[in-house]
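K.L.:
Numbering (this note's numbering), first residue to last: 27 to 389. Where a beta carbon is used, it is the ideal one built from N, C-alpha and C, also for glycine.
1. Can you give me the C-alpha to C-alpha distance between residue 171 and residue 224, rounded to a whole angstrom?
2. Start and end of the alpha helix (DSSP H) containing residue 153?
3. If you run the structure through DSSP and keep just helix, strand and coil, what is residue 131?
4. Based on DSSP bridge pairs, tell me the residues matched to residue 388.
5. State buried or exposed for residue 114, treating a residue as buried only when at least 16 other CB atoms are found within 10 Å of its CB.
6. If you drop the 5 nearest sequence neighbours on each side, which residues of the same chain put their C-beta closer than 8 Å to that of residue 227?
7. CA-CA distance, residue 156 and residue 95?
8. Determine, using beta carbons only, whether residue 93 and residue 329 come nearer to each other than 8 Å.
9. Residue 82 by DSSP, collapsed to three states: which one?
10. Have a look at residue 143 and residue 368 and give me their C-alpha separation to the nearest angstrom.
11. Would DSSP call residue 394 helix, strand or coil?
12. Let me confirm a value: residue 112 is counted as buried when at least 16 other C-beta atoms fall within 10 Å, else exposed. Which label applies?
13. Taking the continuous alpha helix (DSSP H) assigned at residue 320, which residues delimit it?
14. Once you ignore the five residues that flank residue 37 on each side, which residues in its own chain have a CB closer than 7 Å to its CB?
15. With DSSP run on the structure shown, which of helix, strand or coil describes residue 255?
16. Alpha carbons only, please: which of 151, 337, 294, 299 is nearest the one belonging to residue 310?
17. Helix, strand or coil for residue 359 per DSSP?
18. Taking the alpha-carbon positions, what's the residue 80 to residue 245 distance?
19. Contact check, residue 361 vs residue 58 under 8 Å by CB: the rounded distance?
20. What do you get for residue 181, buried or exposed, if any count of 16 or more other CB atoms within 10 angstroms of its CB means buried?
21. Which term fits residue 131, buried or exposed, when burial requires 16 or more other beta carbons within 10 angstroms of its beta carbon?
22. Report the CB separation of residue 314 from residue 340 in whole angstroms; it is logged as a contact under 8 Å.
23. If contacts are defined as beta-carbon pairs under 8 Å, then residue 35 and residue 316 qualify, I think. What distance do you get, rounded to the angstrom?
24. Select from 77, 62, 307, 50 the residue whose C-alpha is nearest the C-alpha of residue 377.
25. Quick check on the burial criterion: 16 or more other C-beta atoms within 10 angstroms. Buried or exposed for residue 97?
26. State the DSSP-derived secondary structure class of residue 126, mapped to helix, strand or coil.
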(Lines of atoms letter the chains of each structure in order from A and count residues from 1; the text may use other names and numbers.)
(Lines give C-alpha, C1' and ligand atoms only; values in the text may rest on other atoms or scores of the structure.)
Protein backbone atom coordinates (compact mmCIF):
# COMPACT_ATOMS: atom_id res chain seq x y z
CA UNK A 1 0.00 0.00 0.00
CA UNK A 2 2.74 2.47 0.98
CA UNK A 3 4.64 1.60 -2.18
CA UNK A 4 1.77 1.68 -4.68
CA UNK A 5 -0.06 4.73 -3.30
CA UNK A 6 2.84 6.78 -1.96
CA UNK A 7 1.79 10.03 -3.63
CA UNK A 8 -1.77 9.88 -2.27
CA UNK A 9 -0.52 9.04 1.21
CA UNK A 10 2.06 11.84 1.15
CA UNK A 11 -0.50 14.45 0.08
CA UNK A 12 -3.13 13.20 2.53
CA UNK A 13 -0.83 13.16 5.55
CA UNK A 14 0.63 16.53 4.55
CA UNK A 15 -2.82 18.12 4.55
CA UNK A 16 -3.66 16.50 7.88
CA UNK A 17 -0.39 17.58 9.52
CA UNK A 18 -0.74 21.16 8.27
CA UNK A 19 -4.35 21.47 9.47
CA UNK A 20 -3.52 19.97 12.86
CA UNK A 21 -0.41 22.14 13.01
CA UNK A 22 -2.39 25.34 12.52
CA UNK A 23 -4.92 24.23 15.14
CA UNK A 24 -2.14 23.53 17.63
CA UNK A 25 -0.33 26.77 16.76
CA UNK A 26 -3.55 28.73 17.31
CA UNK A 27 -3.74 27.34 20.84
CA UNK A 28 -0.03 27.57 21.71
CA UNK A 29 0.52 31.08 20.31
CA UNK A 30 -2.56 32.87 21.63
CA UNK A 31 -1.08 33.95 25.02
CA UNK A 32 2.12 35.17 23.34
CA UNK A 33 0.24 37.05 20.63
CA UNK A 34 -2.08 38.72 23.14
CA UNK A 35 0.78 39.68 25.45
CA UNK A 36 3.21 40.99 22.81
CA UNK A 37 0.93 42.32 20.06
CA UNK A 38 -2.55 42.54 21.65
CA UNK A 39 -3.73 40.01 19.09
CA UNK A 40 -4.17 36.32 20.04
CA UNK A 41 -4.05 35.33 16.37
CA UNK A 42 -0.95 37.34 15.46
CA UNK A 43 1.38 34.34 14.95
CA UNK A 44 -1.32 32.22 13.34
CA UNK A 45 -2.09 34.94 10.80
CA UNK A 46 1.58 35.39 9.92
CA UNK A 47 2.05 31.65 9.50
CA UNK A 48 -0.96 31.55 7.18
CA UNK A 49 0.05 34.64 5.23
CA UNK A 50 3.75 33.92 4.75
CA UNK A 51 4.40 30.25 5.54
CA UNK A 52 1.35 28.63 3.97
CA UNK A 53 1.26 30.91 0.93
CA UNK A 54 4.92 30.31 0.12
CA UNK A 55 4.44 26.62 0.93
CA UNK A 56 1.57 26.20 -1.54
CA UNK A 57 3.61 27.91 -4.27
CA UNK A 58 6.61 25.72 -3.42
CA UNK A 59 4.52 22.55 -3.33
CA UNK A 60 2.98 23.24 -6.75
CA UNK A 61 6.35 24.22 -8.26
CA UNK A 62 7.98 21.12 -6.81
CA UNK A 63 5.18 18.90 -8.12
CA UNK A 64 5.03 20.20 -11.70
CA UNK A 65 8.57 21.26 -12.68
CA UNK A 66 10.26 18.57 -14.78
CA UNK A 67 12.69 16.37 -12.79
CA UNK A 68 15.17 16.79 -15.65
CA UNK A 69 15.21 20.56 -15.10
CA UNK A 70 15.54 20.09 -11.33
CA UNK A 71 18.50 17.76 -11.86
CA UNK A 72 20.24 20.07 -14.34
CA UNK A 73 19.93 23.10 -12.05
CA UNK A 74 21.00 21.25 -8.87
CA UNK A 75 24.55 22.62 -8.79
CA UNK A 76 23.47 26.20 -9.54
CA UNK A 77 20.82 26.05 -6.80
CA UNK A 78 23.35 24.77 -4.26
CA UNK A 79 25.90 27.45 -5.16
CA UNK A 80 23.26 30.17 -4.78
CA UNK A 81 22.25 28.68 -1.42
CA UNK A 82 25.87 28.71 -0.25
CA UNK A 83 26.12 32.37 -1.28
CA UNK A 84 23.01 33.09 0.82
CA UNK A 85 24.65 31.31 3.77
CA UNK A 86 27.64 33.64 3.45
CA UNK A 87 25.38 36.71 3.19
CA UNK A 88 23.95 36.13 6.69
CA UNK A 89 27.28 37.41 8.03
CA UNK A 90 26.98 40.69 6.06
CA UNK A 91 24.80 43.74 6.83
CA UNK A 92 21.95 41.91 5.03
CA UNK A 93 21.95 39.36 7.84
CA UNK A 94 19.84 39.65 10.99
CA UNK A 95 22.24 39.47 13.93
CA UNK A 96 21.72 39.05 17.64
CA UNK A 97 24.18 38.47 20.48
CA UNK A 98 24.71 34.79 19.74
CA UNK A 99 23.72 34.00 16.15
CA UNK A 100 23.44 35.08 12.50
CA UNK A 101 20.93 32.80 10.82
CA UNK A 102 18.50 35.08 8.99
CA UNK A 103 18.58 37.23 5.89
CA UNK A 104 16.32 40.24 5.49
CA UNK A 105 15.83 41.68 2.02
CA UNK A 106 13.28 44.49 1.56
CA UNK A 107 11.38 43.45 4.66
CA UNK A 108 11.33 39.75 3.72
CA UNK A 109 13.22 37.57 6.20
CA UNK A 110 14.10 33.89 5.79
CA UNK A 111 16.66 31.28 6.87
CA UNK A 112 19.03 30.18 4.07
CA UNK A 113 20.03 27.17 6.17
CA UNK A 114 16.50 25.77 5.85
CA UNK A 115 16.75 25.88 2.06
CA UNK A 116 19.72 23.51 2.23
CA UNK A 117 17.34 20.71 3.18
CA UNK A 118 16.22 20.87 -0.44
CA UNK A 119 19.21 22.14 -2.42
CA UNK A 120 21.85 19.92 -0.80
CA UNK A 121 19.76 16.76 -1.03
CA UNK A 122 18.93 17.49 -4.68
CA UNK A 123 22.60 18.12 -5.45
CA UNK A 124 23.82 14.97 -3.68
CA UNK A 125 21.13 12.92 -5.45
CA UNK A 126 22.12 14.26 -8.88
CA UNK A 127 25.84 13.90 -8.06
CA UNK A 128 25.51 10.26 -7.01
CA UNK A 129 23.22 9.47 -9.96
CA UNK A 130 25.88 10.54 -12.50
CA UNK A 131 26.46 7.47 -14.63
CA UNK A 132 29.91 8.29 -16.01
CA UNK A 133 31.78 8.28 -12.68
CA UNK A 134 32.13 5.84 -9.82
CA UNK A 135 31.24 8.09 -6.92
CA UNK A 136 30.12 5.30 -4.63
CA UNK A 137 33.26 3.21 -4.25
CA UNK A 138 36.13 5.39 -5.53
CA UNK A 139 38.04 7.50 -2.99
CA UNK A 140 38.99 10.34 -5.35
CA UNK A 141 35.77 10.46 -7.34
CA UNK A 142 33.39 9.86 -4.43
CA UNK A 143 34.60 9.81 -0.84
CA UNK A 144 36.82 12.90 -0.80
CA UNK A 145 34.48 15.19 -2.82
CA UNK A 146 31.57 14.11 -0.60
CA UNK A 147 33.64 14.86 2.50
CA UNK A 148 34.80 18.27 1.19
CA UNK A 149 31.38 19.63 0.17
CA UNK A 150 29.77 18.28 3.35
CA UNK A 151 32.56 19.82 5.43
CA UNK A 152 32.17 23.23 3.75
CA UNK A 153 28.42 23.34 4.30
CA UNK A 154 28.78 22.00 7.82
CA UNK A 155 31.30 24.74 8.65
CA UNK A 156 29.04 27.52 7.33
CA UNK A 157 26.16 26.18 9.41
CA UNK A 158 28.15 25.66 12.61
CA UNK A 159 29.46 29.23 12.69
CA UNK A 160 25.91 30.68 12.44
CA UNK A 161 25.40 28.57 14.70
CA UNK A 162 22.83 26.05 13.40
CA UNK A 163 24.15 22.80 14.83
CA UNK A 164 20.88 20.87 14.72
CA UNK A 165 20.47 21.56 11.00
CA UNK A 166 23.99 20.24 10.44
CA UNK A 167 23.10 17.00 12.21
CA UNK A 168 19.82 16.56 10.32
CA UNK A 169 21.16 17.35 6.84
CA UNK A 170 24.38 15.39 7.23
CA UNK A 171 22.58 12.35 8.64
CA UNK A 172 20.13 12.42 5.71
CA UNK A 173 22.87 12.79 3.08
CA UNK A 174 24.83 9.97 4.72
CA UNK A 175 21.76 7.73 4.41
CA UNK A 176 21.53 8.65 0.71
CA UNK A 177 25.25 7.94 0.27
CA UNK A 178 24.82 4.55 1.94
CA UNK A 179 21.76 3.61 -0.14
CA UNK A 180 23.62 4.56 -3.32
CA UNK A 181 26.03 1.68 -2.66
CA UNK A 182 28.92 3.46 -0.96
CA UNK A 183 31.51 1.28 0.74
CA UNK A 184 30.87 0.59 4.40
CA UNK A 185 34.43 1.71 5.11
CA UNK A 186 33.56 5.15 3.66
CA UNK A 187 30.42 5.38 5.82
CA UNK A 188 32.32 4.29 8.93
CA UNK A 189 35.09 6.83 8.27
CA UNK A 190 32.59 9.67 7.83
CA UNK A 191 30.73 8.69 11.02
CA UNK A 192 33.98 8.59 13.02
CA UNK A 193 35.09 11.97 11.68
CA UNK A 194 31.67 13.43 12.49
CA UNK A 195 31.76 12.08 16.05
CA UNK A 196 35.22 13.56 16.63
CA UNK A 197 34.21 16.92 15.09
CA UNK A 198 31.02 17.21 17.15
CA UNK A 199 32.84 16.06 20.27
CA UNK A 200 35.37 18.87 19.86
CA UNK A 201 32.58 21.34 19.04
CA UNK A 202 30.71 20.45 22.23
CA UNK A 203 33.85 20.55 24.37
CA UNK A 204 34.95 23.96 23.04
CA UNK A 205 31.52 25.67 23.15
CA UNK A 206 30.22 26.44 26.67
CA UNK A 207 26.49 26.51 25.88
CA UNK A 208 26.66 23.25 23.91
CA UNK A 209 28.66 21.62 26.70
CA UNK A 210 26.08 22.83 29.25
CA UNK A 211 23.25 21.23 27.25
CA UNK A 212 25.22 17.99 27.01
CA UNK A 213 25.92 17.91 30.76
CA UNK A 214 22.33 18.69 31.74
CA UNK A 215 21.12 15.90 29.47
CA UNK A 216 22.73 13.43 31.87
CA UNK A 217 21.89 15.45 34.97
CA UNK A 218 18.65 17.42 34.71
CA UNK A 219 19.33 19.04 38.12
CA UNK A 220 22.75 20.40 37.13
CA UNK A 221 21.42 23.82 36.05
CA UNK A 222 17.66 23.93 36.79
CA UNK A 223 17.29 27.65 36.06
CA UNK A 224 19.59 27.65 33.05
CA UNK A 225 20.48 24.95 30.52
CA UNK A 226 18.02 22.34 31.82
CA UNK A 227 15.12 24.75 32.49
CA UNK A 228 13.36 24.28 29.14
CA UNK A 229 13.55 20.48 29.20
CA UNK A 230 12.41 20.29 32.82
CA UNK A 231 9.42 22.54 32.11
CA UNK A 232 8.61 20.58 28.96
CA UNK A 233 8.65 17.30 30.86
CA UNK A 234 6.27 18.78 33.43
CA UNK A 235 3.91 19.79 30.61
CA UNK A 236 4.16 16.38 28.95
CA UNK A 237 3.56 14.57 32.24
CA UNK A 238 0.56 16.69 33.15
CA UNK A 239 -1.18 15.67 29.92
CA UNK A 240 -1.32 12.02 31.02
CA UNK A 241 -3.37 9.77 28.73
CA UNK A 242 -5.99 12.05 27.17
CA UNK A 243 -4.67 15.55 27.96
CA UNK A 244 -6.15 18.53 29.78
CA UNK A 245 -8.17 19.54 26.72
CA UNK A 246 -7.52 21.63 23.62
CA UNK A 247 -6.66 25.21 24.55
CA UNK A 248 -6.33 24.46 28.28
CA UNK A 249 -2.54 24.28 28.59
CA UNK A 250 -1.09 26.33 31.44
CA UNK A 251 2.55 25.80 30.40
CA UNK A 252 2.12 27.99 27.31
CA UNK A 253 1.08 30.88 29.56
CA UNK A 254 3.87 30.62 32.10
CA UNK A 255 6.95 28.49 32.57
CA UNK A 256 7.68 26.87 29.20
CA UNK A 257 10.09 28.67 26.83
CA UNK A 258 9.44 28.58 23.06
CA UNK A 259 5.88 27.20 23.23
CA UNK A 260 5.32 27.95 19.52
CA UNK A 261 8.79 26.79 18.45
CA UNK A 262 10.70 23.71 19.51
CA UNK A 263 8.52 23.23 22.62
CA UNK A 264 5.21 22.93 20.76
CA UNK A 265 5.29 19.13 21.06
CA UNK A 266 5.13 19.55 24.86
CA UNK A 267 2.02 21.74 24.47
CA UNK A 268 0.47 19.04 22.26
CA UNK A 269 1.23 16.40 24.91
CA UNK A 270 -0.27 18.54 27.66
CA UNK A 271 -3.48 19.38 25.80
CA UNK A 272 -4.01 16.14 23.84
CA UNK A 273 -2.27 13.62 26.09
CA UNK A 274 -0.38 10.48 25.13
CA UNK A 275 -3.12 9.44 22.71
CA UNK A 276 -2.91 12.73 20.84
CA UNK A 277 0.88 12.80 20.46
CA UNK A 278 0.91 9.10 19.55
CA UNK A 279 -1.28 10.05 16.59
CA UNK A 280 1.22 12.77 15.58
CA UNK A 281 4.07 10.27 15.83
CA UNK A 282 2.14 7.79 13.69
CA UNK A 283 1.56 10.43 11.00
CA UNK A 284 5.27 11.27 10.81
CA UNK A 285 6.19 7.59 10.75
CA UNK A 286 3.78 6.77 7.91
CA UNK A 287 4.86 9.87 5.95
CA UNK A 288 8.52 8.90 6.26
CA UNK A 289 7.87 5.27 5.30
CA UNK A 290 5.71 6.34 2.35
CA UNK A 291 8.68 8.29 1.03
CA UNK A 292 11.05 5.36 1.50
CA UNK A 293 8.72 2.78 -0.07
CA UNK A 294 7.71 5.20 -2.81
CA UNK A 295 11.36 5.60 -3.77
CA UNK A 296 11.40 1.91 -4.71
CA UNK A 297 8.94 2.68 -7.52
CA UNK A 298 11.08 5.38 -9.12
CA UNK A 299 13.00 4.28 -12.19
CA UNK A 300 15.78 6.87 -11.97
CA UNK A 301 18.56 6.92 -9.42
CA UNK A 302 18.16 10.67 -9.07
CA UNK A 303 14.48 10.42 -8.09
CA UNK A 304 15.14 7.49 -5.78
CA UNK A 305 18.01 9.19 -3.93
CA UNK A 306 16.11 12.49 -3.63
CA UNK A 307 13.01 10.80 -2.17
CA UNK A 308 15.12 8.88 0.33
CA UNK A 309 16.93 12.07 1.33
CA UNK A 310 13.74 14.09 1.83
CA UNK A 311 12.06 11.25 3.74
CA UNK A 312 15.12 10.98 5.97
CA UNK A 313 15.08 14.69 6.75
CA UNK A 314 11.39 14.62 7.71
CA UNK A 315 11.80 11.55 9.90
CA UNK A 316 15.05 12.63 11.53
CA UNK A 317 13.89 16.18 12.26
CA UNK A 318 10.60 14.99 13.75
CA UNK A 319 12.46 12.52 15.96
CA UNK A 320 15.08 15.09 17.03
CA UNK A 321 12.40 17.62 18.03
CA UNK A 322 10.23 15.17 19.95
CA UNK A 323 13.18 13.34 21.46
CA UNK A 324 14.95 16.50 22.60
CA UNK A 325 11.91 18.14 24.21
CA UNK A 326 11.07 14.83 25.92
CA UNK A 327 14.57 14.51 27.37
CA UNK A 328 15.51 11.45 25.28
CA UNK A 329 18.38 13.28 23.55
CA UNK A 330 20.20 16.59 24.31
CA UNK A 331 18.19 19.77 23.63
CA UNK A 332 18.75 21.08 20.10
CA UNK A 333 16.26 23.86 19.36
CA UNK A 334 14.87 22.06 16.31
CA UNK A 335 11.31 22.95 15.11
CA UNK A 336 8.73 20.22 14.57
CA UNK A 337 8.04 19.88 10.81
CA UNK A 338 4.69 21.35 9.66
CA UNK A 339 3.74 22.19 13.27
CA UNK A 340 6.16 24.73 14.81
CA UNK A 341 5.91 28.43 13.99
CA UNK A 342 8.21 29.48 11.17
CA UNK A 343 7.34 30.43 7.61
CA UNK A 344 10.62 29.31 6.05
CA UNK A 345 10.42 25.87 7.64
CA UNK A 346 6.80 25.28 6.58
CA UNK A 347 7.45 26.46 3.02
CA UNK A 348 10.55 24.25 2.72
CA UNK A 349 8.79 21.12 3.94
CA UNK A 350 5.79 21.69 1.70
CA UNK A 351 8.10 22.19 -1.29
CA UNK A 352 9.91 19.01 -0.30
CA UNK A 353 6.65 17.05 -0.39
CA UNK A 354 5.79 18.49 -3.79
CA UNK A 355 9.14 17.25 -5.12
CA UNK A 356 8.57 13.81 -3.60
CA UNK A 357 5.17 13.51 -5.30
CA UNK A 358 6.75 14.72 -8.56
CA UNK A 359 9.55 12.13 -8.51
CA UNK A 360 7.12 9.36 -7.60
CA UNK A 361 4.64 10.21 -10.35
CA UNK A 362 7.43 10.33 -12.95
CA UNK A 363 8.26 6.73 -12.13
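P.N.:
In this structure, then:
1. 20 Å
2. 138-155
3. strand
4. DSSP output for residue 388 lists no bridge partner at all.
5. buried
6. 184, 189, 234
7. 15 Å
8. yes
9. helix
10. 15 Å
11. Absent from the structure is residue 394, since the part of the chain shown begins at 27 and ends at 389.
12. exposed
13. 290-321
14. 383
15. helix
16. 337
17. coil
18. 42 Å
19. That pair is no contact at about 15 Å.
20. exposed
21. exposed
22. 6 Å
23. 4 Å
24. 77
25. buried
26. strand
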